[in-house]
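The structure appears right after this line, and notes come after that.
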Amino acid sequence: MRFRLIPLIFLVCFSSLPANATPQPNPAARTAEAEITAKVQALLARMTLSEKIGQLNFPSLAFPFEAQLAEVRQGRVGNMLNVVNPDHLKAFKEAAAASRLKVPMLFAIDAIHAFRITFPVPIAWAATWNPPLAERAAEAIATETAQNGINLTFAPMIDISRDPRWGRVIEGAGEDPFLGAAFAAARVKGYRAGGLATSAKHFVGYGAPEGGRDYNGAQISDAELFDRYLPPFQAAIAAGSETIMASFNTVNGVPVTANRPLITDVLKERLGFPGLVMSDFVAITELINHGVADDLADAARKALHAGIDLDMASGAYARTLEAGVADGRVATAEIDAAVRRVLAVKYRMGLFPDSPVGVRTRASPMAESDVRTRAREVARESFVLLKNDGAALPIAPQSGTVALIGAAALSTNDHSWYGPAGLTKPATETLRAALEARVGSGQKLLFAEAFADPCGLSFKNKDEAIATAKAADLIVLALSEDCTFSGEGTSRVDLGLSGVQGELFDALAELGKPLVLVIETGRPLAIEEVAAKASAVLIAWHPGTEGRTALAEILAGAIAPSGKLPMTFPRSVGQIPIAYNDLPTSRPAKGDRYTTGYIDEPWTPLYPFGHGLSYTTFAYSGLGLSAPDMTRNGRIEVRVDVTNTGSRAGQEVVQLYTRQLVAERSRPVRELKGFEKISLAPGTRRTVRFWLNARDLAYHDDEGRPVIEPGTFRLFVGGSSAAELAGSFEITE
Ligand code: GLC
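In my numbering, the protein residues as written are -13 to 719.
If you want it as C-alpha cells, here you go:
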C-alpha cells in the first residue's frame, strides 16, 4: 500500500486555476451533473418560499414527533437527524412522499465508528497507518447504517490537532495533514461505498482551540490554514464527500458559522466544493453567544450569507427567513443558492426517482461475521507498543503464572459515544475471557479486579490485587482512561492515569516483577513516570466490540503489534501543544539553556509521532535517489531497503519525511511526505520505493498560494518521525 496525497497545488492553487476550480469529473459524471443542474433548477422554480426554507431546515427528532410529521407533509422540514428506529424512518419517508413536491429527506446520525458493531475509535484507525483498512471499516459501518434506512453520516471527523487536552482527538486522525488527508479520503470512500453520504467535519480549525478548551477560538494564519488544516478537507472533497459541516469555533475572531470568507470564498469557490455546508448542532443560534448576532433573525441572516446551507437543529432558518425576505433583509437569491446545493446533493445521492445517479445502498446487508472481522482487523493493527523492555511481550509460554489485574479486563465498554441508542448490544468478549482462552497449557492466569469500575476511579480491593501480583511471574495491568473522558466537551488539564490507577501501578511496580501496562484511551496521555517503571506499555485506544479479543491475540503473541502513533505522546501537559513538525526557531532545541525548550523538563516528547514497536526489529539501509535534483515539475524516486532483523514476522510502517532547509518562510524540521505498511518474514529484505514530486513540497504564502522554491531539501526514512537514515536533493529552477 503506498500513499501519496493528491498534490494540493492542483486542488488549491490559486495563481494558476480559475476561482471555481474543482477536480474535473469524467465525461459521464459531467453529463449527470448537467442533468442534475437542470432538474434542480426546474424543481426550484416550482417551490414556494416556505418549501425552499423547509429544505434548509434540519431538526433533530423530537418526541412526540407527530408535529414534525405534519411539518414534513407541509414541506417545512426537509431533513432530520437522529431518526434511528426503522418505523420512525418509514413514517417520515411516507410523510415526505405525501408532501406537495415529494422531495426526499436526508436522514443523518453520527455513525462515527459504530452502528451495531462498534469499531475501535477513529484515532485507532489512524494508528493502523493503513487507510485501506479504514476504508473497509467505514464501508462496514455504513452498510449497517444504510440498511437501517439512514442515508447520511456525520463523519468523517478530520480535524487536525496537536493538543490532546482536547477530548475530540478521539474522533480524528491526529496531528499530521498528510496522514490526516489519507484517512479522510479513505473514510469518505468507505462510508460512500457502504451506501451513506458523508459529512466531512468540522470545517475548520476546530482541533486548534486555544488552551485545548473545546469550542474555544483558534488563531490560524492563511498559510497555516492551507498547509495544515485544509489538506484533509481537500482529500475529502476529492473523494466525493457530499456535505461538509462547519465548526463551532471562531477563526481569528470570526465564528466559522458566520464566516463568508472561509465558507464561501475559500471552501465553495476557491476549493471548488460542490456539495452542501451544514452548521453544527444549534451553531446558528450560538452566533448570539459569540456576540456577532443580535437575535435569531440576525444569526440566520449572517449564517445564510456566510454560505451555511443547512441549519442543524436551531430552527433559526425555519423561524425567521420568511419574515426576513418579507422585510427585505434576506435576499431570496441566497435562499435559492442554498436550496440548489441541498437539492443537488439529494440528486447526487440518488434519492429522487428521476435522479441520473442511482442510490448506493447495498442490495443486501453485510453478514455480522464480516463486519466483526473488519472490526477485529482494525483493532489488531491499531495497538501501539510504545515500550517493550526485556521482551516482556508477548507473554512467553514459559511465564508460568500471569496475573491479569484491573477491572478494565472485564469491560465491554465499547465507547460507542455516538452509536445509536435502542440497538441491542452485540456480544463482546472481555480481555479476561479472551486471555484465558489463549494462555498456554502449562500456564496459569490469575485475575484480580482491583477497581470498583473499569476506569479505576476507586478501589474494590487493592490488597487482593497486590497479593495476586505477588504470586505471578508476569503482571499485566489493564487500565483505562476514564470512560467518559474523551469526546465532545471533555477537555482535560491532567492527562495522567485517572482515579486511583496510578496508585495501584506504583504499588505493583515496587514488586520488581515484569510489569506490562495496557491502557485503553481516546487520546495521548502524559505518562512519563509510569512508562519509566513499566516493562512494556501497549496503547489499546478504545478498541470496540472485537477489541479485547484482538488485544489478547497481541498479548499472547498470535499477532504482532504494528500500530504507530498518529499523535505525539507528551512527557507532560506543560509541553502541549506539541507535534513533530515544528519550526526550527532561532535557537533550535537541543537541551541547552538558551535554546528552544524548558529548564525543568526535556523538550523532546515521551514518544514521537510515528513511533511504534513490533515483536521483531527492522533495519533500514541502501537509501537511494533516482537523481540528485529535480525541477519544479519534476519528481524523484526514493528507495530504501528494509530488513526484518528479528526472529518473527512483522509489519512495519516505512515513513518518508522531508525538510526544506531554506525558504521565504521558516519550514518545519520534518514533514511526512509518504508512508507504506509492509509485512516481512524474519530475515527477509524488501526495497520500498516512493515517488517524491516537487509539487508535493509546496508550502503556502499568506494569500494561501502554493509556493515551490528551489533549494536544498533533506529527507529522512525510517519507522518514526525520529528516522535517522538521511539523504539530500535539490529542487532547481
Ligand atoms: C455535535 C458535534 C458534531 C455532531 C453533531 C450532531 O455537537 O459537534 O460532530 O455530528 O453535534 O450530533
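Where is the CB? At the ideal position from N, CA and C, for every residue including glycine.
| Asked | Found |
| --- | --- |
| Going by beta carbon distance, what residues of the same chain come within less than 6 angstroms of residue 425, once the five residues before and after it are set aside? | 431 |
| Looking at residue 187 and the ligand GLC, is the gap between the Cβ and the nearest heavy atom below 7 angstroms? | yes |
| Measuring straight from C-alpha to C-alpha, what distance separates residue 242 and residue 276? | 11 angstroms |
| Given the structure, does residue 433 come close to the ligand GLC, in the sense that its CB is under 7 angstroms from one of the ligand's heavy atoms? | no |
| Go ahead and label residue 606 buried or exposed: buried means 16 or more other beta carbons lie within 10 angstroms of its beta carbon, across all protein chains shown. | buried |
| If you compare alpha carbons, which of 652, 716, 672 is closest to residue 679? | 716 |
| Are there any heavy atoms of the ligand GTP lying less than 7 angstroms away from the beta-carbon of residue 460, as far as the coordinates show? | In the structure shown, the ligand GTP is absent; the only ligands present are the ligand GLC. |
| Check whether the Cβ atoms of residue 90 and residue 262 lie closer than 8 angstroms to each other. | no |
| Taking just the CA atoms, how far does residue 710 sit from residue 704? | 7 angstroms |
| Which residues in the same chain as residue 683 place their Cβ atom closer than 8 angstroms to its Cβ, once the five residues preceding and following it in sequence are excluded? | 644, 646, 659, 694, 699, 717 |
| In chain order, what residues of the same chain lie with their CB nearer than 6 angstroms to the CB of residue 174, ignoring the 5 residues before and after it? | 184, 222, 225, 227 |
| Would you identify the three-state DSSP class for residue 675, choosing helix, strand or coil? | strand |
| By Cβ distance, which residues of its chain are closer than 7 angstroms to residue 558, with the 5 residues on each side in sequence left out? | 512, 514, 587 |
| Would you please state the rounded distance, in angstroms, between the beta carbons of residue 493 and residue 519? I believe it to be under 8 angstroms. | Their Cβ separation, rounded to whole angstroms, is 11 angstroms, which puts residue 493 and residue 519 out of contact at 8 angstroms. |
| Closest to residue 488 by CA distance: which of 441, 530, 478, 63 is it? | 441 |
| Residue 593 to residue 149, Cα distance in whole Å? | 15 angstroms |
| Give the single residue among 59, 34, 64 whose Cα lies nearest to the Cα of residue 46. | 64 |
| How big is the Cα-Cα spacing for residue 396 and residue 567? | 39 angstroms |
| If you draw a straight line from the C-alpha of residue 363 to the C-alpha of residue 522, how long is it? | 23 angstroms |
| Is the separation between the beta-carbon of residue 111 and that of residue 639 shorter than 8 angstroms? | no |
| Are the beta-carbon atoms of residue 601 and residue 636 separated by less than 8 angstroms? | yes |
| Does the count of Cβ pairs from the stretch 130 to 147 and the stretch 524 to 534 closer than 8 angstroms reach three? | no |
| Is it the case that the CB of residue 474 approaches a heavy atom of the ligand GLC more closely than 7 angstroms? | yes |
| Quick check on the DSSP output: what are the complete alpha helix (DSSP H) runs of length 4 or more inside the stretch 73 to 138, in order along the chain? | 108 to 113, 117 to 133 |
| Just to check, is the beta-carbon of residue 200 closer than 7 angstroms to a non-hydrogen atom of the ligand GLC? | no |
| Using a threshold of 7 angstroms, is the CB atom of residue 93 nearer than that to any non-hydrogen atom of the ligand GLC? | no |
| Using 8 angstroms as the threshold, is the stretch 230 to 245 in touch with the stretch 191 to 208, meaning 3 or more CB pairs across them? | yes |
| Using only alpha-carbon positions, find the residue among 267, 366, 329 that is nearest to residue 96. | 267 |
| Starting from the C-beta of residue 35, find all residues in its chain whose C-beta is less than 7 angstroms away, skip the five residues before and the five after it, and write them out in chain order. | 308, 311 |
| Whole beta strand (DSSP E) runs in the stretch 459 to 523 with 3 or more residues, listed along the chain? | 460 to 466, 501 to 506 |
| Mind pulling the alpha helix (DSSP H) runs of 4 or more residues that sit fully within the stretch 174 to 241? | 217 to 224 |
| Taking the CB atoms as reference points, tell me whether residue 448 and residue 436 lie closer together than 8 angstroms. | yes |
| Tell me whether residue 67, by its Cβ, gets closer than 7 angstroms to a heavy atom of the ligand GLC. | yes |
| Among the residues of its own chain, which have a CB less than 6 angstroms from the CB of residue 162, if the five just before and after it don't count? | 658 |
| Run the CB neighbour count on residue 43, radius 10 Å, all protein chains shown included, and call it buried at 16 or more, exposed below. | buried |
| Buried or exposed, going by whether 16 or more other CB atoms sit within 10 Å of the CB of residue 411? | exposed |
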